[in-house]
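Inspection log for the structure reproduced underneath, given as structure tokens.
There are 2 protein chains.
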Amino acid sequence: MAYQLWYWPSIQGRGEFVRLPLEAAGIDYEDCARTRGVDALIADMDTRGPYAPFAPPYLDTGTMTIAQVAHILTWLADAHDLAPTDEATLFWTIQLQLTVTDMVAEVHNVHHPIAGGKYYDEQKDAAAANAEQFRAERMPKFLDYFEKATQANRGDWIAGDRWSPIDTSLFQLVAGLRYMFPKRMEAIEDDYPGLIALHDHVAALPGIVAYLASDRRIAFNEDGIFRHYPELDFA
Amino acid sequence: MAYQLWYWPSIQGRGEFVRLPLEAAGIDYEDCARTRGVDALIADMDTRGPYAPFAPPYLDTGTMTIAQVAHILTWLADAHDLAPTDEATLFWTIQLQLTVTDMVAEVHNVHHPIAGGKYYDEQKDAAAANAEQFRAERMPKFLDYFEKATQANRGDWIAGDRWSPIDTSLFQLVAGLRYMFPKRMEAIEDDYPGLIALHDHVAALPGIVAYLASDRRIAFNEDGIFRHYPELDFA
Chain A
2 MAYQLWYWPS IQGRGEFVRL PLEAAGIDYE DCARTRGVDA LIADMDTRGP YAPFAPPYLD
62 TGTMTIAQVA HILTWLADAH DLAPTDEATL FWTIQLQLTV TDMVAEVHNV HHPIAGGKYY
122 DEQKDAAAAN AEQFRAERMP KFLDYFEKAT QANRGDWIAG DRWSPIDTSL FQLVAGLRYM
182 FPKRMEAIED DYPGLIALHD HVAALPGIVA YLASDRRIAF NEDGIFRHYP ELDFA
Chain R
2 MAYQLWYWPS IQGRGEFVRL PLEAAGIDYE DCARTRGVDA LIADMDTRGP YAPFAPPYLD
62 TGTMTIAQVA HILTWLADAH DLAPTDEATL FWTIQLQLTV TDMVAEVHNV HHPIAGGKYY
122 DEQKDAAAAN AEQFRAERMP KFLDYFEKAT QANRGDWIAG DRWSPIDTSL FQLVAGLRYM
182 FPKRMEAIED DYPGLIALHD HVAALPGIVA YLASDRRIAF NEDGIFRHYP ELDFA
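The listed protein sequences correspond, in order, to chains A and R.
For the first sequence, this note's numbering assigns the number 2 to the initial residue and increments by one for each residue that follows.
For the second sequence, this note's numbering assigns the number 2 to the initial residue and increments by one for each residue that follows.
In structure tokens:
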């Protein structure tokens with residue numbers, strides 16, 4: 002049976018971090034809210050009982066429902082033999098993934114510093130202030146960290162001689178930051194050669210090439226996590 | 002060998018979610034920055050090489066360094082036979098813990114909506130606006146969710162007939178919210194009988210009773226995650 006992935010159907014958002022390794026590995030899945038509509042997603046969450054997820058994305062494996070991106074990816078990598086086999090390396094990649102989660106939350110806070118439930122237009126001044134510190138302090142801090150992670154291994158990937166979900170996640174982070182902050186990324190990208198090389202290796206995986214060219218890849222837009230507001234982007 | 006826990010020595014912060022199950026289970030650990038000072042923490046992070054954590058807390062198990070609270074707790078529960086043995090239940094408790102992580106990040110954003118690197122006094126207006134939506138929207142949403150989680154099991158704990166780290170984490174969440182928002186919590190606590198009962202069961206564990214009475218339990222303060230600013234607390 003194909004896995005059921007449940008996520009908002011009109012954005013990449015956090016769901017994209019799950020779609021990417023599914024696509025890269027050629028794992029059969031249904032992106033349920035895209036085929037059945039957003040009302041089906043809301044209705045489905047209500048059917049999951051006491052073990053219901055707090056929020057999408059979640060994956061129905063046929064025997065379990067798993068929510069939280071890093072948790073889904075850890076399970077997927079284990080179930081499909083994508084994970085590093087050395088325990089210390091495996092644990093390190095999970096920790097890296099959880100740090101991606103932290104950065105994604107901070108990316109969301111850039112345009113929604115006051116309230117996730119209010120529109121960007123209602124918090125533009127605070128967003129401009131948040132974006133300023135994000136560009137100056139947090140982007141380099143996180144990217145320096147991930148750049149250093151790319152140097153732990155001598156190959157094309159974060160660990161060993163094959164990709165694992167942390168690679169597709171770092172690809173998405175670079176792609177998203179380029180969309181959200183094109184000027185800022187252009188100004189600092191040369192400081193991150195390992196990370197950019199990793200992005201390019203993921204982009205060349207056959208499953209990712211096919212996915213990015215398909216209509217399954219939703220375009221970045223201003224409802225997602227990575228939003229391009231020119232007034233927030235400076236070199 | 003005692004585990005080495007590395008975390009900021011003057012706050013409960015995220016480290017407290019690790020200290021609590023260590024204390025409840027009577028696991029031997031050194032809270033290294035409390036015994037050796039904060040400079041030792043900063044120096045230690047620099048010695049961890051390519052697998053260095055992004056930020057404290059992290060646990061040196063003797064063979065591995067593990068960062069990220071939920072990741073540390075998952076490992077600890079497995080290593081010390083604290084975790085639910087049923088896979089679906091185990092996965093659900095990990096997902097709950099990651100949702101605690103999400104709520105803790107939002108708690109931090111209440112008083113630091115613009116920049117984690119700036120003082121609260123530099124972002125008080127934005128904090129007041131964030132706190133308003135947090136009290137009205139996010140607190141009930143998260144607490145409703147955790148309350149429902151307490152109803153999945155018929156016993157004293159989230160899962161099975163013994164405590165696991167998600168129980169100590171939910172204890173800390175209730176304790177922290179009571180410190181940060183005493184008026185708001187008093188107004189809504191009656192809606193969460195399962196969660197309050199769980200808090201009380203954890204508070205009565207012998208290891209926790211001893212810990213809370215010791216000077217190892219740092220008092221809540223205005224450098225930590227849960228900060229009491231009376232101007233942010235309304236019923």
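Cβ coordinates follow ideal geometry from the N, Cα and C atoms, glycine included.
Small disclaimer: the values here were computed from a predicted structure and weren't measured.
Tell me the start and end of each unbroken alpha helix (DSSP H) in the segment 67 to 132 of chain R that is at least 4 residues and wholly inside, in chain order. 70 to 80, 88 to 112
Leaving out the 5 sequence neighbours to the left and right, which residues in its chain are closer than 7 Å to A71 of chain R when beta-carbon positions are compared? I95, Q98, L99, T102
Closer than 8 Å by beta-carbon distance: list the chain C residues that pair up with P51 of chain A, in chain order. Absence of chain C from the displayed structure is noted, the protein chains being A and R.
Mapping DSSP to helix, strand and coil, what is E31 of chain R? strand
Taking just the CA atoms, how far does E190 of chain A sit from Y184 of chain A? A small correction: the amino acid at residue 184 of chain A is Lys; Tyr does not occupy that position in the sequence shown. If you take the alpha carbons of K184 of chain A and E190 of chain A, they lie about 10 Å apart.
Note down, in chain order, each residue of its chain lying with its Cβ closer than 6 Å to the Cβ of Y121 of chain R, except the 5 sequence neighbours on either side. H112
Chain R contact for Q5 of chain A (CB, 8 Å cutoff): no
So, is the C-beta of F55 of chain R closer than 8 Å to a C-beta in chain A? yes
Selection from R:R228, R:L171, R:D145 that minimises the alpha carbon distance to D201 of chain R: R:L171
Check Q13 of chain A in the structure and name its three-state DSSP category. Assigned with DSSP and collapsed to three states, Q13 of chain A falls in coil, not helix or strand.
Reducing DSSP to helix, strand and coil, say where Y59 of chain R ends up. strand
At a CB-CB cut-off below 9 Å, which residues of chain R make contact with A34 of chain A? Under the 9 Å cutoff, chain R gives no residues; its nearest Cβ is about 19 Å from A34 of chain A.
C-beta neighbour in chain R for F172 of chain A, strict 8 Å: Interface criterion not met: the Cβ of F172 of chain A is under 8 Å from no Cβ in chain R.
With 16 other Cβ atoms within 10 Å as the buried cut-off, status of E223 of chain R: exposed
Distance, Cα to Cα, E123 of chain A vs V108 of chain A? 17 Å
Nonlocal neighbours in the same chain, by C-beta distance under 7 Å from E17 of chain A, ignoring five residues either side: Q173
Tell me the rounded alpha-carbon separation between Q69 of chain A and L178 of chain A. Between Q69 of chain A and L178 of chain A, the C-alpha separation is close to 21 Å.
Counting only C-beta atoms, is Y146 of chain A closer than 8 Å to chain R at any point? yes
Where I115 of chain A meets chain R, residues with beta-carbon distance less than 8 Å: P114, A127, A130, N131, Q134
Whole angstroms is fine: what's the gap from H116 of chain R's alpha carbon to A137 of chain A's? In the sequence under discussion, the amino acid at residue 116 of chain R is Ala, which differs from the His named in the question. When rounded, the distance between both Cα atoms is 11 Å.
For D168 of chain R, collect the residues of the same chain with a Cβ closer than 8 Å to its Cβ; drop the 5 residues on either side in sequence, then sort them by chain order. Within the same chain, D168 of chain R has close Cβ partners W158, I159, L199, H202, V203.
Look up L6 of chain A in the DSSP assignment and give the residues it is bridged to. A:D32, A:L60
Assign G14 of chain R to one of two classes, buried (16 or more other C-beta atoms within 10 Å of its C-beta) or exposed (fewer than that). buried
Any C-beta of chain R under 8 Å from that of T48 of chain A: no
C-beta neighbour in chain R for H229 of chain A, strict 8 Å: Not one chain R Cβ lies under 8 Å of H229 of chain A.
Name the chain R residues whose beta carbon is nearer than 7 Å to that of M181 of chain A? Those do not exist, as M181 of chain A stays about 18 Å from chain R at its closest Cβ, beyond 7 Å.
Chain-order list of residues whose beta-carbon lies under 7 Å from that of R49 of chain A (same chain, five-residue window excluded): T66
Can you list the residues of chain R that G118 of chain A reaches, using a CB-CB cut of under 8 Å? Q134, E138
Any contact between the segment 38 to 48 of chain R and the segment 74 to 81 of chain R? By contact I mean 3 or more CB pairs, one from each, below 8 Å. no
Within 10 angstroms of the Cβ of M140 of chain A, are there 16 or more other Cβ atoms? Answer buried if so, exposed if not. buried
Proximal residues of chain A, C-beta to C-beta of T100 of chain R below 9 Å: P54, F55, A56, A68, Q69
Which residue from A:Y180, A:M46, A:P51, A:L60 puts its Cα closest to that of A150 of chain R? A:P51
Based on Cα-Cα distance, which residue from A:A25, A:F55, A:T64 lies nearest to Y4 of chain A? Taking each of A:A25, A:F55, A:T64 in turn and checking the Cα distance to Y4 of chain A, the smallest one comes out for A:T64.
Contact check, L23 of chain R vs Y30 of chain R under 8 Å by CB: the rounded distance? 5 Å
Check the Cβ of A106 of chain A against every Cβ in chain R and list those closer than 7 Å, keeping chain order. A106
Neighbouring residues, chain A, relative to A89 of chain R (Cβ below 9 Å): Y52, T64, M65, T66
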